[in-house]
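Chains as they are written, first to last, in this note's numbering: chain A, 1 to 388; chain B, 1001 to 1388.
We put the CB at the ideal spot given by N, CA and C, even for glycine.
Okay, structure first, notes after.
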């Protein structure tokens, strides 16, 4: 059986196994990144024209592209609708970017930690993944400069606002600093912003692409975290030099994004109704975060350190006494608790032991305390086993 | 600007330009492959559960996978629901297959002519495209054996039922012959069946994958030609050795196919309502085909040869006096007529001059005669210019 070389790089199914195990109703899961079921808005379809059933344009629905460009301009991103490509969820942006840039051995630059599925698809295409350490307010700029001086990465991939997994939001100074370095070295920025709207303090965080003077860029977002993930509607906005290539790669990937989802997204984007929904969503998730923080203090204050997330869906724990958290999974699942080990979020997992990513949005609050209590016990047992 | 090597292989946008030009309302277009607008069924959404808005499984909706497996078994394809992967239109199957098999220089085997977008994506990934000539009843089996004796292609890609562009339907004997050769040489079959249900004579055409004894296979279909292309819901069914890889590649491409489209497809597949709709669709397209055939006789009988298509959406014309039909495009569009030149459907276009693909499903019958008359005049002028 002769598969492509890339198939040998398809990652083991650890994550799939965790998420599959977490489906069992008795499992208290902190593993996924699912929006809360109760907060999925009720949507109407009765007014959708029959023509949405026909083939559409690879670029996406013209009215939706206009609406997305207007929203991006309001954030400070200088763009026209002609730079907007509707994609089948922002995961597809990563696939298109990988195709645009990555040959076997191509160097790219990532934050450490970074979004697991991005790491996986970049590695699938054969990228050599360099990384920059993430601090509480964004990447270490000294290290970033050093990487850029020593390497010519094809692009840098960043999630500056409520990063998955670390929940870090870059400061204004770090945003400016990153933009200046990318302009200086002429390195393309891929800025991934799924969590921007899920902010609990409303503080400003203008996109980095809006601060660039020279470097090429791709900005990507989605309606999955604000409206309905099941629609699979995301978008990218690209500098004009990149757009035509991305469009042709999109066409060859799946012709175009489903039009029913695009039509539904258009009913919401830029409307008062969406602003109201987002406001409810933030209140709801802020409440869940606060409950989670209290329970964490009860069960993990001796075991781990963490920052209070100001947005997004995750707590990122750093164990005071590090161990490979992947070794805790089996015991956790045996106790009907699921979590996401931190190691796979790093390009070099074995040198980054001792983090846990815990989702706070999806767990039933009635089971939260019991879940964290059991997880803390699993961690303690693991540490005792390691010390023995 | 350092893009991947594959970007240099992104094809020129000839086809995009044709289709864009064909959008002008005054253009009589035979270029696309669009279902007739009038035949898009009215669909209902009122009963869709809110949960369809949540993230779903990469495999697809369980009930839809069951329904698709049952349909495939009824066609003779031996499979379980566990072998069914719901994809974002069957175009995505080609993307996943390319990722699974193709490194730069990997040999693959295609019919000549073959589906243009398949050729493009396989070449994008760097495939070396070998081809087998297509006869009126399927591929030349002597040539197929010769290719298999001289090469070790990673797979063969075939569209055995109402092929795009040639409208060829393989005979039973050719289907058996192809299956026997693939088993003998152990070559994987990718069988693409978008047009199977659009049959005008109802003759049998059991899938080739159902005749295989040993070879691995991927069978792919879509609801785009039977229900609504705008849903972007297709599927693949794979032999168990291939399925886990395809699933992981699907997950990295776009997590999962949109669930609203999947839910809608499930409301139709296997129902009396879909059978009634397909029956109407066949009658409608058969009528359009007959009208097209009559108009072709009026305007093209001295210029070209063709077979009457027994299904699908296209007539495939072979000019009696060959010329590069790409050179006719400009004049055709200047006369407000669009068509698809045949050359790009071949891996070696310059050695396969003189075919035209004409779509008969989408043109307004009131403009058909005028359109073909103008197109015939463009061909005559081109031939006169060439002779001069």
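Query, Result
"In angstroms with no decimal places, state the Cα-to-Cα distance between residue 102 of chain A and residue 1120 of chain B.", "19 Å"
"So, is the C-beta of residue 1229 of chain B closer than 8 Å to a C-beta in chain A?", "yes"
"Can you confirm whether residue 1003 of chain B, when its beta carbon is compared against all beta carbons of chain A, has any partner nearer than 8 Å?", "yes"
"At 7 Å on the CB atoms, spell out the chain B contacts of residue 56 of chain A, in chain order.", "1230"
"Can you confirm whether the region 219 to 237 of chain A touches the region 257 to 274 of chain A when touching is taken to mean that 3 or more C-beta pairs between the two stretches lie within less than 8 Å?", "yes"
"In whole angstroms, give me the CA-to-CA distance for residue 93 of chain A and residue 334 of chain A.", "37 Å"
"Measure from the alpha carbon of residue 1180 of chain B to the alpha carbon of each residue in B/1152, B/1213, B/1200 and B/1201, then state which is nearest.", "B/1213"
"Closest to residue 14 of chain A by CA distance: which of B/1020, B/1307, B/1248 and B/1306 is it?", "B/1248"
"Thinking C-beta only, is residue 168 of chain A closer than 8 Å to residue 136 of chain A?", "yes"
"Pull up the distance between the alpha-carbon of residue 1302 of chain B and that of residue 256 of chain A, whole angstroms please.", "39 Å"
"Quick check on residue 1382 of chain B: does DSSP put it in helix, strand or coil?", "helix"
"For residue 417 of chain A and chain B, any beta-carbon pair shorter than 8 Å?", "Absent from the structure is residue 417 of chain A, since the part of chain A shown begins at 1 and ends at 388."
"Specify, as a first and last residue, the run of the beta strand (DSSP E) that residue 186 of chain A falls within.", "Here residue 186 of chain A belongs to no beta strand (DSSP E), and DSSP marks it neither H nor E."
"With 16 as the cutoff for other CB atoms within 10 Å, does residue 1022 of chain B come out buried or exposed?", "buried"
"If we ignore side chains and look at the alpha-carbon of each, how far apart do residue 1367 of chain B and residue 34 of chain A end up?", "52 Å"
"Using a Cβ-Cβ distance cut-off of 8 Å, determine whether residue 1154 of chain B contacts chain A.", "yes"
"Taking DSSP as the reference, what is the three-state secondary structure of residue 82 of chain A?", "helix"
"For residue 307 of chain A, which residues in the same chain have their Cβ closer than 7 Å to its Cβ, ignoring the five residues on either side in sequence?", "136 and 167"
"Out of B/1098, B/1084 and B/1038, state which residue places its alpha-carbon closest to the alpha-carbon of residue 3 of chain A.", "B/1098"
"Within 8 Å (strictly less), CB to CB, does residue 1330 of chain B reach chain A?", "no"
"Give the DSSP bridge partners of residue 1157 of chain B, in chain order.", "B/1110 and B/1190"
"Taking Cβ positions, are residue 286 of chain A and residue 200 of chain A nearer each other than 8 Å?", "yes"
"Relative to the alpha-carbon of residue 1040 of chain B, which residue among A/52, A/39 and A/38 has its alpha-carbon at the smallest distance?", "A/52"
"Just tell me which of B/1222, B/1046, B/1149 and B/1387 has its CA closest to the CA of residue 1084 of chain B.", "B/1222"
"Can you find a C-beta in chain A that's less than 8 Å from the C-beta of residue 1084 of chain B?", "no"
"Quick one: using the 10 Å Cβ neighbour count with 16 as the cut-off for buried, is residue 87 of chain A buried or exposed?", "buried"
"Pair every Cβ in the region 346 to 358 of chain A with every Cβ in the region 321 to 336 of chain A, then say whether three or more of these pairs are closer than 8 Å.", "yes"
"Kindly list, in the order they appear in chain A, the residues whose Cβ is closer than 7 Å to that of residue 1042 of chain B.", "50"
"Would you mind stating whether residue 1165 of chain B and residue 1316 of chain B have Cβ atoms separated by less than 8 Å?", "yes"
"For residue 1127 of chain B, count neighbouring C-beta atoms within 10 Å of its own C-beta (all shown protein chains included) and say buried if the count is 16 or more, exposed if not.", "buried"
"Run through chain B and tell me which residues come within less than 7 Å of residue 100 of chain A, C-beta to C-beta.", "1003, 1004 and 1007"
"Taking just the CA atoms, how far does residue 1235 of chain B sit from residue 1057 of chain B?", "14 Å"
"With DSSP as the reference, identify every bridge partner of residue 1221 of chain B, one or two as the case may be.", "B/1235"
"Is the Cβ-Cβ distance between residue 10 of chain A and residue 1245 of chain B less than 8 Å?", "yes"
"Taking the straight line between their C-alpha atoms, what separation do you get for residue 198 of chain A and residue 278 of chain A?", "8 Å"
"Quick one: list the residues of chain A neighbouring residue 1204 of chain B, beta-carbon separation under 7 Å, in chain order.", "Chain A residues near residue 1204 of chain B: none, gap ~29 Å exceeds 7 Å."
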